[in-house]
Each structure stands twice: as C-alpha cells, then as structure tokens.
Amino acid sequence: MLALRANKGKMAKANKISGAPTPCRDWCFILVYTTVGLVLKADEQVLIESAQQGEREAFAGLVTHYWDRLYRWLYHLTHDQHLAEDLVQESFLKAFRALASFQAGTNFQAWLFRIAHNALANQRRGSRKVREPFPDQVPSVGAGPLEQVMSREALQQLTRAVGRLPSDFRGAFLLRVEEQLSFREIAEVLNITEETARWRVFKARQKLMEVMEPFLDKEL
Amino acid sequence: MNCSQCQRLLLEDQAGPEVEAHLAECMACRQWHKMLLQIESHVPLLPVPPSPRKLQLQEELIHGPETIPFPTPAPPSRLSRNRWRKLAIGTSGLAAAGVLIACGIFLGNMLSPPGKKTEPVVKNASESDKTLAGKLLELDMKLAQSDSPRERVETLAKLAKNLEGESRSLAQVAGPKDLQTLAKLYTKVVEEGLVQRARKLPAAQRRQVLDPILGQLMLAKTEAEQMAQKAPPESAVPFQTIAAASRNGDLQLRKLMEQTP
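Those sequence lines, one after another, are chains A and B. Quick note on numbering: the first sequence equals residues 691 to 910 in this note's numbering. Quick note on numbering: the second sequence equals residues 1103 to 1363 in this note's numbering.
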C-alpha cells in the first residue's frame, strides 16, 4: 500500500504541477488507487501471515507478487539475466527461511529488497569480476504504442543512460521511481541514511536529465 | 525563486507551492519538468529479459516435493491469527472508508460515465448510480467480512469486473494515464488477488466458482481487444493491458482447474 500510495501521490502531484486542470480526477484516482491498494495490501498481509504459519501456497503468492519487481531491480543492477535470477531465487529462499523473524505489519517489500541487496553485496564481495558494466547489446525495445510517447531512439538512450549510472545511484533511483519507495524505505533497503538516499536519487536524476535532454520532447 | 532553485527542488521531490508558482510563470522550467516526468514515466518500461525461473520456484513451492524445507512456523503472535487478520483487513476497510468519507465531496462524475449524476459515496444508490470508488468501498468491506475463500474469490472477481467496466466507460473521456492506472489496478486484482485466492479454493468448489469467472475473463478480454482497436492510439495500451491480464488470468485459472482431481 505504501508503494501504491506513494505512486499515486506522486502522480497526482505531477499532474497538478504540470497544470492538469482536474483536481477532482486526481482525488478520485487517489481514492480508487488507495482503496484497491488497501484491498491488495490486506491480502498481502494475509499471505504473509499464512506463510508464517507454514502455508507454502501463501509464500508462492508472495513470489508471484514480488518476483518480477525484484528481478527487474536486480537485472538493472547487474546487467546479467542469470545472475539476477540467481539472486532473486536466493533472496526468496533466504526470506523463506527467515520468515519467522519477519515482524508482521512491517514493510515486507523493504525487508525482501534488503535481503536481495545483501545477497548482491555478498556476491560482489565474493566475485573477482564485477559483471556490472553495461553491455553493448541491450534488450531490444519492442515496437509499440509506447514509442508514440518516447521515440525508440530515446528509449534506447534512456536504457543506456540508466545502465551507466553509478550502481549506488542507480539502485536508489530505481527504488524511488519504479518501486515508489519513500526515502526512508530506500535507506532501509540499502542500509544507508535517509539523507544519502535522497542524495543518490538527486544525483541520478540530475545525470539522466543531462544525458537525455537532447532526446526528449520539449513541447508543452 | 529562480529556475535553478526550482529545478533542484523538483530533483529532490520537494515541490511545494513555491515551485508550483514558479512553474506557472516559467515556461522553461515547465518544459524541464515535463522532460523529467517523461524520463521517470518511461523507466518502468525499460526492457529486461524474461525470467522463466519464477514459475519453476512457484511450482516447487506448490506442487513439488518438499525440496525446499519449510521453516518452523512462527509462534503465534499476541493477537490470534483470526483476530490479527480481522484487525488488518478491518483497519484497511476503515482507512479506506475514512479517506472516502473525508473526500466524498470530490467524488464526482469523473469516474462515472459522462452524463451521470454524482451520488455521495456512502448512500443507498442503485448499482448503476454508484461511483467506482463507492463500489470499491463496498467490495473492500465485503472482503473484510469474508472468511471463506469462495467469497473472497467472488468479491475479487466483482472488483475486477468493476475496474474493467469503468475503463470502458471512460474510454472516450479519460486521459491515457488515467486509463492506464485503471488497467494496472485491474491487472493487480486479477493476477495478485483473484488467481492467488483461487488457489485456496477447496477442490470441490473450484469448478463451480471458477466457471463463471472464466466466462467473465474471456468476455473482458474480447471487449478490451475491441476497445483497443476502436480507441484512439494513445488509449489503446490500457486496453491491451486489460486484455493481456484477462488472458493470463484465464489461462492460470484453467490450469488450476485441470490440476483439480
């Protein structure tokens, strides 16, 4: 729900700032989003509680909920599909084993992402070769309606630009923008201070703006 | 406030009234802000390779031999399970109700088809007159009160139906972003709610409960595909999203039924 709320709040704020003339629409969507978010969050809490009681299906439900998100984050951090999958699986298995220590009612997402971040840090410590440098080949950007908003070239450029951000900045930036975590939650995941989390997101955005400016549509 | 200060605050997520005031009068900063939003709205769409191992792990968890040992169940918390659950869900319901009541004044026609009159949310209105938020609130409350897997699955199916119906009603009047928001919610409800809860259904009830839902999902898929063809190009994506979620939901529920003895 936190993520949903943050996302919606941010969208509403963005629309408002950009001069979207329908505050009512913003509010309505916040309400709808919040309500659905609450429904799903309540369901997630039930899943966590059930998993803690030993229901394997409930944990499978949590895998459904978080696998893709965790995988995307780790893929963007490692640029290695197999390594990212290994880390996601390892994180879920660690979470599975440590479920009893998870305090119901606290933020499961931040807890899980922190486990993943620790797994990545361990992997990097143990590996001589850091596989992070951005590959020349990037996953292809499929043709689709998306390109009506951002050109194919701009999207590829954005993929590269995000991939070339310093890893620390990239991790924080993606948690903020994709996962809609608060700075406090980002700090919790990355084991840094909230101030540092803010700084990393700020620097990442600043860098992306510099790199992407020539490729973006400036028309209002 | 100058442009540099304004942009810095936007980068720091600290936009307030001063930033808004500056943006209202500075076209350069508005353009700059629009670019920032463009970047951020496209980050979640950056391509990543597929991850097939997710299904493998889920299969192992649900059907496989217990190669993954389950940890010792946590000791019961101070609140018993049922009490905890009711508290969690009930709190959610109350929070939603609080938000809705507090902001009821804003609940207008925006989420209803054009031409409909706004009704206060918590009012006895006929089904067709209720706003989407009102319907959701009712369903949220129903979920809070439902203990049986069957009731939860059926309520989630209704929630999905409402979201899908509302998206179609709004096709001509809502912006692509709003439609996409509804489409994402629909996907979440189907994939993270409906399909997951369906797994909890007792085998004896599965066919009876899931048959009509399969019909609903197929209908939603067909209608969403038609809408995607008819809608303006920028609004096609949300309907494609709904169609894809309906198709996936349908496939997963069918698979679940096949596995039912």
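Where is the CB? At the ideal position from N, CA and C, for every residue including glycine. Note that this is a predicted model, so its numbers are computed, not measured.
Beta carbon of residue i, beta carbon of residue j: below 8 Å?
{"i": "arginine 746/A", "j": "isoleucine 1164/B", "result": "yes"}
{"i": "leucine 1159/B", "j": "valine 753/A", "result": "yes"}
{"i": "tyrosine 756/A", "j": "glutamine 813/A", "result": "no"}
{"i": "glycine 636/A", "j": "leucine 737/A", "result": "Limits of chain A in this structure are 691 at one end and 910 at the other, which puts residue 636/A out of reach."}
{"i": "phenylalanine 873/A", "j": "alanine 894/A", "result": "no"}
{"i": "glutamate 1266/B", "j": "alanine 1346/B", "result": "no"}
{"i": "threonine 849/A", "j": "leucine 1148/B", "result": "yes"}
{"i": "arginine 1132/B", "j": "leucine 1125/B", "result": "yes"}
{"i": "leucine 905/A", "j": "alanine 844/A", "result": "The amino acid at residue 905/A is misidentified as leucine; the sequence shows phenylalanine. Result yes, Cβ atoms of phenylalanine 905/A and alanine 844/A sit closer than 8 Å."}
{"i": "glutamine 735/A", "j": "alanine 790/A", "result": "no"}
{"i": "alanine 1305/B", "j": "threonine 1362/B", "result": "yes"}
{"i": "tryptophan 1134/B", "j": "glutamine 1116/B", "result": "no"}
Since residue i and residue j should fall inside the 8 Å C-beta cutoff, what is the C-beta to C-beta distance between them, to a whole number of angstroms?
{"i": "valine 1145/B", "j": "glutamate 868/A", "result": "6 Å"}
{"i": "alanine 1326/B", "j": "valine 1291/B", "result": "14 Å between Cβ atoms; not a contact."}
{"i": "glycine 1351/B", "j": "leucine 1319/B", "result": "5 Å"}
{"i": "methionine 1329/B", "j": "alanine 1273/B", "result": "6 Å"}
{"i": "glutamine 1354/B", "j": "valine 1311/B", "result": "That belief does not hold up - the Cβ atoms of glutamine 1354/B and valine 1311/B are roughly 14 Å apart, past 8 Å."}
{"i": "serine 1269/B", "j": "isoleucine 1344/B", "result": "6 Å"}
{"i": "proline 1140/B", "j": "aspartate 907/A", "result": "Here residue 1140/B turns out to be glutamine, not proline, going by the sequence shown. That belief holds up - the Cβ atoms of glutamine 1140/B and aspartate 907/A are roughly 7 Å apart, short of 8 Å."}
{"i": "arginine 888/A", "j": "leucine 767/A", "result": "Wrong, their Cβ atoms sit about 19 Å apart, outside the cutoff."}
{"i": "arginine 1299/B", "j": "proline 1251/B", "result": "6 Å"}
{"i": "glutamine 896/A", "j": "leucine 1113/B", "result": "6 Å"}
Quick one: is residue i buried, meaning 16 or more other Cβ sit within 10 Å of its Cβ, or exposed?
{"i": "aspartate 1280/B", "result": "buried"}
{"i": "glutamine 1107/B", "result": "exposed"}
{"i": "asparagine 797/A", "result": "buried"}
{"i": "leucine 1157/B", "result": "exposed"}
{"i": "proline 856/A", "result": "exposed"}
{"i": "methionine 701/A", "result": "With a pLDDT of only 43 at methionine 701/A, under the threshold of 50, the placement of this residue in the model should not be trusted; the figure read from the coordinates follows. With 16 or more other Cβ atoms within 10 Å, it is buried."}
{"i": "proline 1278/B", "result": "buried"}
{"i": "lysine 1136/B", "result": "buried"}
{"i": "arginine 1356/B", "result": "exposed"}
{"i": "glycine 1317/B", "result": "exposed"}
{"i": "glycine 1118/B", "result": "exposed"}
{"i": "arginine 1254/B", "result": "buried"}
{"i": "glycine 1295/B", "result": "buried"}
{"i": "alanine 785/A", "result": "buried"}
{"i": "glutamine 1282/B", "result": "buried"}
{"i": "threonine 918/A", "result": "Any answer about residue 918/A is impossible in this case: the structure gives chain A only from 691 up to 910."}
{"i": "serine 740/A", "result": "buried"}
{"i": "glutamate 1324/B", "result": "Strictly speaking, residue 1324/B in this sequence is threonine, with glutamate absent from that position. Exposed is the call here."}
{"i": "glutamate 1161/B", "result": "exposed"}
{"i": "glutamine 742/A", "result": "buried"}
I'd like to confirm something about residue i: is its beta-carbon nearer than 7 Å to some heavy atom of the ligand ADP, or not?
{"i": "glycine 1317/B", "result": "Absence of the ligand ADP from the depicted structure is noted, as is the absence of any ligand whatsoever, leaving it without description."}
*Along the region 1290–1322 of chain B, what residues have a CB closer than 9 Å to any CB found in chain A?*
Lys1290, Val1291, Glu1293, Glu1294, Gly1295, Val1297, Gln1298, Arg1299, Arg1301, Lys1302
*Taking contact to mean at least 3 C-beta pairs separated by less than 8 Å, is the region 873–880 of chain A in contact with the region 894–906 of chain A?*
no
*State whether the region 772–789 of chain A contacts the region 801–812 of chain A, with contact taken as three or more CB pairs (one from each stretch) at a distance under 8 Å.*
yes
*Pull out every residue of the region 797–815 of chain A whose Cβ sits closer than 8 Å to any Cβ of chain B, in chain order.*
none
*Residues of the region 745–759 of chain A with a CB closer than 8 Å to any CB of chain B: list them in chain order, please.*
Arg746, Glu747, Phe749, Ala750, Gly751, Val753, Thr754, His755, Trp757, Asp758
*Take every Cβ of the region 764–774 of chain A, pair it with every Cβ of the region 1150–1159 of chain B, and state whether three or more of those distances are shorter than 8 Å.*
yes
*Along the region 1117–1142 of chain B, what residues have a CB closer than 9 Å to any CB found in chain A?*
Ala1117, Val1121, Glu1122, Leu1125, Ala1126, Met1129, Arg1132, Gln1133, Trp1134, His1135, Lys1136, Met1137, Leu1138, Leu1139, Gln1140, Ile1141, Glu1142
*If contact means a Cβ-Cβ distance below 7 Å, which residues of the region 883–901 of chain A contact chain B?*
Arg888, Phe892, Arg895, Gln896, Leu898, Met899
*Contact set between the region 1143–1165 of chain B and chain A, restricted to residues whose Cβ is under 7 Å from the partner*: His1144, Val1145, Pro1146, Leu1147, Leu1148, Pro1149, Val1150, Pro1151, Ser1153, Arg1155, Lys1156, Leu1159, Gln1160, Leu1163, Ile1164
*Near-chain B residues of the region 756–786 of chain A (beta-carbon distance less than 8 Å), N- to C-terminal order*: Trp757, Asp758, Tyr761, Arg762, Tyr765, His766, Gln771, Ala774, Glu775, Val778, Gln779, Phe782, Leu783, Phe786
*If you measure beta-carbon to beta-carbon, which residues of the region 851–867 of chain A are closer than 9 Å to chain B?*
Ala851, Val852, Gly853, Phe863, Leu864, Arg866, Val867
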